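A quick write-up on the structure given underneath.
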């Protein structure tokens, strides 16, 4: 990890604590982080912070994105509305590995209210270090892109 990698981060108030911890973890590894907020525990609307993360990834301004909220569900839904984004909600080592290995996910969603912080950090590390498996999975990712291009 590191070596010129860049990651966009965004969260609402319910994901702020984990966002800040993940930001420190990533910068300590030499990864460039672009933080789209929020920077307060005051209640806010997650689409305002998640959409810019997804757009940065889709435009190639960052390599990956990580979005956080209470459950991560809404954040994943918003991110997946941006053409070119494949966002996966992960809650375990396996879901992180499969999101990258099988789905070539470029945005990771995590729910702060659903898993402990040490697991969230481990998920980030697994997700970032897992390469896309290609093979039969490439065909499926291509089908996702085909559907996206046809209907979005």
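In the working numbering, the protein residues as written are 325 to 476.
Just so it is clear, CB atoms sit at the ideal spot from N, CA and C, and this is done for glycine as well.
Note that this is a predicted model, so its numbers are computed, not measured.
- In the displayed model, residue 356 falls within a strand according to three-state DSSP.
- Between the C-alpha atoms of residue 421 and residue 447 there is a straight-line separation of about 8 Å.
- Judged by pairs of C-beta atoms under 8 Å, the region 429-440 touches the region 398-408, as three or more such pairs exist.
- Under DSSP, residue 334 shares a beta bridge with 391.
- DSSP places residue 367 outside both helix and strand once states are collapsed to three, so it counts as coil.
- The residue among 339, 470, 363 with its C-alpha nearest the C-alpha of residue 394 is 339.
- Scanning its chain for C-beta atoms nearer than 6 Å, with the 5 sequence neighbours on each side dropped, one finds around residue 461 the residues 426, in chain order.
- Counting along the chain, the unbroken alpha helix (DSSP H) around residue 468 starts and ends at 460-475.
- Residue 354 sits exposed, since fewer than 16 C-beta atoms from the chains shown fall within 10 Å of its C-beta.
- By the Cβ-count criterion, residue 336 is buried, with 16 or more other Cβ atoms from all chains shown falling within 10 Å of its own Cβ.
- Using a 10 angstroms sphere on the CB of residue 467, the tally of other CB atoms stays under 16, which defines it as exposed.
- Straight across, the Cα-Cα distance linking residue 378 with residue 404 is about 8 Å.
- Your pair residue 345 and residue 445 checks out as a contact, with CB atoms roughly 7 Å apart and the cut at 8 Å.
- Counted as a single uninterrupted DSSP element, the beta strand (DSSP E) harbouring residue 435 occupies residues 431-435.
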